[in-house]
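Numbering (the numbering used here), first residue to last: 1 to 81.
Here it is as structure tokens:
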């Protein structure tokens, strides 16, 4: 990310993996790493569902050599911290 900050670049960069994940997929990934069970409380949707198409990551990859962390690994690191 330092390349974006120190490189004199400007504009909007989507700092994303280019992969879409649903809420259920994130919960499943959390369940896989959690030593304790947990309950998810859902409420009825109050807004229309958002588009699940992934954000475009090409501009970020062209501007820097950033190594993206897979969701499961990032969750594990956060959980273990």
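For glycine and all other residues, C-beta sits at the position ideal for the given N, C-alpha and C.
What you are looking at is a predicted structure, and each value in this text was computed from that prediction instead of being measured.
Taking the alpha carbon of residue i as the point to measure from, which residue in the options has its own alpha carbon closest?
i: residue 80; options: 56, 39, 30, 63; result: 30
i: residue 45; options: 60, 23, 68; result: 23
i: residue 40; options: 21, 26, 19; result: 26
i: residue 56; options: 28, 35, 19; result: 19
Give every residue of the same chain whose Cβ lies closer than 7 Å to the Cβ of residue i, excluding the five residues on either side of it in the sequence, and list them in chain order.
i: residue 68; result: 17
Excluding the 5 residues preceding and the 5 following residue i in the sequence, name in chain order all residues of the same chain whose CB lies nearer than 8 Å to its CB.
i: residue 33; result: 72, 75, 76, 79
i: residue 37; result: 31
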